[in-house]
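2 protein chains.
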Amino acid sequence: MPSKDVSLSDMQLALMRVLWGAGRATTAEVHERVGKPRQLAYTTVATLLTRLEKRGLVKSVKEQGERVFKPTVTESEVTRSMVSSLVDTLFRGDPSALVSHLVNEKDIDRDDIEAVRKLLARRGKTG
Amino acid sequence: MPSKDVSLSDMQLALMRVLWGAGRATTAEVHERVGKPRQLAYTTVATLLTRLEKRGLVKSVKEQGERVFKPTVTESEVTRSMVSSLVDTLFRGDPSALVSHLVNEKDIDRDDIEAVRKLLARRGKTG
DNA sequence: CTCTATCTCCTACACATGTAGTTCTACACC
DNA sequence: GGTGTAGAACTACATGTGTAGGAGATAGAG
Chain F
576 MPSKDVSLSD
586 MQLALMRVLW
596 GAGRATTAEV
606 HERVGKPRQL
616 AYTTVATLLT
626 RLEKRGLVKS
636 VKEQGERVFK
646 PTVTESEVTR
656 SMVSSLVDTL
666 FRGDPSALVS
676 HLVNEKDIDR
686 DDIEAVRKLL
696 ARRGKTG
Chain Z
576 MPSKDVSLSD
586 MQLALMRVLW
596 GAGRATTAEV
606 HERVGKPRQL
616 AYTTVATLLT
626 RLEKRGLVKS
636 VKEQGERVFK
646 PTVTESEVTR
656 SMVSSLVDTL
666 FRGDPSALVS
676 HLVNEKDIDR
686 DDIEAVRKLL
696 ARRGKTG
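Protein sequences, first through last, are from chains F and Z. Per my numbering, the first sequence runs over residues 576 to 702. Per my numbering, the second sequence runs over residues 576 to 702.
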C-alpha cells in the first residue's frame, strides 16, 4: 500500500491524537479533551471531525445516536509523511541535511548525536 | 528582533528561492524561473508576489515602471522557523526525537550519522 | 406522552492560497 | 500621434481550514 500523503494542521493533529490515544472516541470526548481547553464550540469539533472523515483520515459509526470515531491512519504514517514532506521541500529530499541543520542550529548537541549513533548501532541493520 | 514565525507553502518557497538566489528580481524574472516551468500565468505570479509583500516577506520598489522584489527574510530564518515548527508540533519540541525518527525510518544511515557526528566534532563548540 | 438536554446535520463566514481574467497605463515603434 | 504590447492593479473564484449558529432528531425525566 502506498503510504498516503498526509499533512495535518496543529488542530487536526490535536484531534487525531485523541483518537490515536484512545483508539476510538465520540465527538463529546474529543471536544472534552481538545475543544474545551481551546474554548471551541462543540459544533466546531464536530465539523472538524466530519472533515477529517471526508478526507479519509478517520471513520465513524453511529452508536446509540452518537458518532464514534476511529483513526484510519496511524500516527506513524502521518509523522513519516509530514517529516518526509518537510525534508523534500526544505532539504531537497536529503534527510541528513536536516540533521546538519539541527546540529548547526544547536538544536541537538553532541550527546544527542551520540545517543542516536548508539541507537543506530544497536539496530545495526541500516546502511 | 524576535525571529519571525514564518511558514511557507511549496509555491511560496519556490518564489522566495528565486529572490534569495538573485537578491532581487522583477515579476517577469520570477515568472520566467518559477511560473513558466509550472505553467502559471504571469498574473498568478504577480498576485503571489503581492501577497508575499503584504505578509512582509518581501518588499518591492518601482524601477522603470517595473516592480523589483527583494526578500526581507533570509532563507535561514525561514528554514529555522519551519523546522522548529515541525519539531514543536510533531516531536513535542525535542529535536533529537526527530533525529531518532529519521534513523528509525532509515532515512539516514550510519554514514550520515557519522558524517554529522564529525561535523559536530569539528565545530566542537556545542554541548 | 410531552418537555428538555444532547447530539447530528447543514449552512455560513472569514481568511489564506493557488489560479487567472480584465482593465488601465505607459512606452516604443511605425 | 495612434497603436500595440508589457506590466501593474484590481477583482474574482475554488478549495481548505478554523470558527460557529440554527434546525431537526432523539432519548431520558417526569
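Heads up, the beta-carbon is just placed ideally off N, CA and C, and yes, glycines get one too. From a predicted model like this one, the values you see are computed outputs, not experimental measurements.
Where residue i meets chain Z, residues with beta-carbon distance less than 7 Å
i, result
"residue 676/F", "654 and 658"
"residue 588/F", "664"
Sequence-distant residues of the same chain with beta carbon closer than 6 Å to residue i, five excluded per side
i, result
"residue 659/F", "none"
Chain-ordered neighbours of residue i on chain Z, where CB pairs are closer than 9 Å
i, result
"residue 670/F", "677, 680, 682, 683 and 687"
Contacts that residue i makes with chain F (C-beta to C-beta distance below 9 Å)
i, result
"residue 529/Z", "Because chain Z here runs from 576 to 702, residue 529/Z falls outside it and cannot be looked at."
Chain-order list of residues whose beta-carbon lies under 8 Å from that of residue i (same chain, five-residue window excluded)
i, result
"residue 702/F", "At residue 702/F, the pLDDT of 40 sits below 50, so the modelled position is not reliable and the matter cannot be decided from this model."
"residue 617/F", "602, 603, 606 and 610"
"residue 597/Z", "604"
"residue 623/F", "586, 587 and 590"
Inter-residue CB distance, residue i and residue j (contact presumed, cutoff 8 Å)
i, j, result
"residue 653/Z", "residue 581/Z", "5 Å"
"residue 695/Z", "residue 685/F", "6 Å"
"residue 583/F", "residue 657/Z", "Contact doesn't hold; Cβ gap of about 15 Å is too wide."
"residue 671/F", "residue 669/Z", "Going by Cβ atoms, the distance from residue 671/F to residue 669/Z rounds to 19 Å, so no, they are not a contact pair."
Nonlocal neighbours in the same chain, by C-beta distance under 7 Å from residue i, ignoring five residues either side
i, result
"residue 664/F", "none"
"residue 594/F", "600, 633, 644, 645 and 646"
"residue 636/F", "643"
"residue 631/F", "647"
Chain-ordered neighbours of residue i on chain F, where CB pairs are closer than 8 Å
i, result
"residue 673/Z", "658, 673 and 677"
"residue 661/Z", "657, 658 and 661"
Under 7 Å by beta carbon: chain F residues contacting residue i
i, result
"residue 692/Z", "688 and 692"
Contacts that residue i makes with chain Z (C-beta to C-beta distance below 8 Å)
i, result
"residue 585/F", "664"
key: Ranges of the alpha helix (DSSP H) found wholly within the region 593-646 of chain Z, counting only runs of at least 4   = 602-605 and 617-629
request  = Would you check if the region 682-693 of chain F and the region 600-620 of chain Z touch, i.e. whether three or more CB-CB distances between them fall below 8 Å?
outcome  = Judged by Cβ distances under 8 Å, the region 600-620 of chain Z makes no contact with the region 682-693 of chain F, as fewer than three pairs qualify.
ask   = Just checking, does the region 668-684 of chain F make contact with the region 579-589 of chain Z on the three C-beta pairs under 8 Å criterion?
value = no
inquiry  = Quick check: the region 642-653 of chain F against the region 633-641 of chain Z, are at least 3 beta-carbon pairs closer than 8 Å?
reply    = Too few Cβ pairs lie closer than 8 Å, so no.
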